[in-house]
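Student: After the structure tokens below, expect a handful of questions from me.
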Amino acid sequence: MRNTLNLVWKLLLICLVAGLVLGLVNEVTKGPIAEQETAAANEARKQAFPGAESFEALKKDTENVHDFYSALDKDGKVIGYVASSKARGYGGDIEVMVGMDMTGKLAGVVIGANGDFSETAGLGAKVKDPAFAEQFAKVEYNGEPVEYSAGGGGYRIPAGTLRVEKGDNTEAGGLDAVSGATYSSTAVITAFNNTVAELYKLVSGEGGGK
């Protein structure tokens, strides 16, 4: 009986020490991990808006779009906005971050921002290839619809209505899907549309910015 009690106490002591060690390790690593996550997020924002010197969080979220930031120049002047949205791809959520300047011109697109990307290697993962992302190259707001440049041609269509096309990319608003990865391509464009629609409101003065 005494041996059993001793064994129980030893096990309890081991569990207590292990718990304290794990808690200490968590406290020690929590700060550096948070710093790494912040640095990664800032790097993604810098890719979405290369011309910005810094970013300032906005108290704004919508049903589909989050992480709104003002893009600031070296003098602290707002020169545009960055925001993100997620959509369900084949292998999980795909996060797309978009930057737009105050004239409505697209500053950049980051596919798989903040590590949210788990598409199939060799297929769905190809939506991160430059050949697909470059189709978002020109998005301009000129007081009316946003202008998308799809497949090398410019089409004036309403904000948030870009879509995937299969085969010849001849219709306004159509982007060529990655071969064999239409589902992933559609997810990227859905997240892109959601984000652009909200950024469109901000740069046109409809969405607030506080």
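Sequence positions in the sequence shown follow the numbering used here and run 438 to 647. All C-beta atoms, glycine included, are put in the ideal place defined by N, C-alpha and C.
Tell me where the beta strand (DSSP E) around Glu532 begins and ends.
Tutor: Taking the first residue of the sequence shown as 1, we reach residue 532 at position 95. First-last of the beta strand (DSSP E) with Glu532: Asp530 to Asp538.
Student: Mind checking Lys447: buried by the 16 CB within 10 Å criterion, or exposed?
Tutor: Position 10 of the sequence shown, counted from the start, is the residue given in the question as residue 447. Per the 10 Å Cβ criterion, exposed.
Student: For Asn523, tell me which candidate among Asn443, Glu480 and Ile531 has the shortest Cα-Cα distance.
Tutor: Looking up residue 523 in the sequence shown gives position 86. For the sequence presented, residue 523 should be read as Lys rather than Asn. That would be Ile531, whose Cα lies nearest to the Cα of Lys523.
Student: Quick check: the segment 507 to 521 against the segment 488 to 499, are there 3 or more CB pairs under 8 Å?
Tutor: Verdict: yes, contact present.
Student: How far does the beta strand (DSSP E) with Phe492 in it reach, from first residue to last?
Tutor: Within the sequence shown, residue 492 is the residue found at index 55, counting from 1. Note, Phe492: beta strand (DSSP E), Ser491 to Ala494.
Student: Classify Gly549 as helix, strand or coil using the three-state DSSP reduction.
Tutor: Within the sequence shown, numbered from 1, the residue matching residue 549 stands at position 112. Reduced to three states, the DSSP call for Gly549 is coil.
Student: Are the beta-carbon atoms of Ala544 and Gly517 separated by less than 8 Å?
Tutor: Working through the sequence shown from its first residue, we reach residue 544 at position 107. Working through the sequence shown from its first residue, we reach residue 517 at position 80. Yes; because the gap between Cβ atoms is below 8 Å, this pair is in contact.
Student: What did DSSP end up calling Gly456 once you bin it into helix, strand or coil?
Tutor: The count along the sequence shown starts at 1 and reaches residue 456 at position 19. The answer is helix: DSSP assigns Gly456 an H, G or I state.
Student: Considering only C-alpha positions, which residue in the set Gly456, Ser521 and His503 is nearest to Val535?
Tutor: For this step, residue 535 is matched to residue 98 along the sequence shown. Minimum Cα distance to Val535 is reached at Ser521.
Student: Could you give the first and the last residue of the continuous beta strand (DSSP E) run that contains Gly513?
Tutor: The residue given as residue 513 occupies position 76 in the sequence shown. Unbroken run through Gly513: none, as it is neither H nor E.
Student: Met537 and Val454: beta carbons closer than 8 Å?
Tutor: Here residue 537 corresponds to residue number 100 of the sequence shown, with the count starting at 1. Here residue 454 corresponds to residue number 17 of the sequence shown, with the count starting at 1. No, Cβ-Cβ distance for Met537 and Val454 is not below 8 Å.
Student: Would you tell me roughly how many angstroms separate the C-alpha atoms of Thr441 and Val458, rounded to the nearest one?
Tutor: In the sequence shown, the residue the question calls residue 441 occupies position 4. In the sequence shown, the residue the question calls residue 458 occupies position 21. Cα-Cα distance, rounded: 26 Å.
Student: Alpha carbon to alpha carbon, how far is Leu461 from Asn501? Give it in angstroms, no decimals.
Tutor: What you label residue 501 is simply residue 64 of the sequence shown in a count that begins at 1. What you label residue 461 is simply residue 24 of the sequence shown in a count that begins at 1. Taking the straight line from one Cα to the other gives about 37 Å.
Student: Evaluate Ile451 with the Cβ neighbour count: other Cβ atoms within 10 Å of its Cβ, from every protein chain shown; 16 or more gives buried, anything less gives exposed.
Tutor: Taking the sequence shown and counting its residues from 1, the one referred to as residue 451 is at position 14. Ile451 should be labelled exposed.
Student: Apply the 10 Å Cβ neighbour rule to Leu444 and answer buried if 16 or more other Cβ atoms are within range, or exposed otherwise.
Tutor: Position 7 of the sequence shown, counted from the first residue, corresponds to residue 444. The residue in question, Leu444, is exposed, as its Cβ has fewer than 16 Cβ neighbours within 10 Å.
Student: Any idea what DSSP makes of Phe505, helix, strand or coil?
Tutor: Here residue 505 is taken as the residue at index 68 of the sequence shown, counted from 1. The answer is strand: DSSP assigns Phe505 an E or B state.
Student: I need the straight-line Cα distance from Glu480 to Ser507, nearest angstrom please.
Tutor: Translated into the one-based positions of the sequence shown, residue 480 becomes position 43. Translated into the one-based positions of the sequence shown, residue 507 becomes position 70. About 15 Å.
Student: So, with DSSP's three-state summary, where would you put Lys483?
Tutor: For the purposes of this step, residue 483 is taken as the residue at position 46 of the sequence shown. Residue state, collapsed to three classes: helix.
Student: Taking C-beta to C-beta, are Val547 and Thr632 nearer than 8 Å?
Tutor: Stepping through the sequence shown from its first residue, residue 547 is reached at position 110. Stepping through the sequence shown from its first residue, residue 632 is reached at position 195. Going by C-beta atoms, Val547 is not nearer than 8 Å to Thr632.
Student: For Glu556, count neighbouring Cβ atoms within 10 angstroms of its own Cβ and tell me buried if that reaches 16, exposed if not.
Tutor: Numbered from its first residue, the sequence shown carries residue 556 at position 119. The pLDDT assigned to Glu556 is 41, lower than 50, so where the model puts this residue is not dependable, and the model offers no usable value.
Student: Thinking C-alpha only, which one of Leu449, Ala634, Gly488 and Thr540 is nearest Leu509?
Tutor: By 1-based counting over the sequence shown, the position of residue 509 is 72. Comparing Cα-Cα distances from Leu509 to each of Leu449, Ala634, Gly488 and Thr540, the minimum goes to Gly488.
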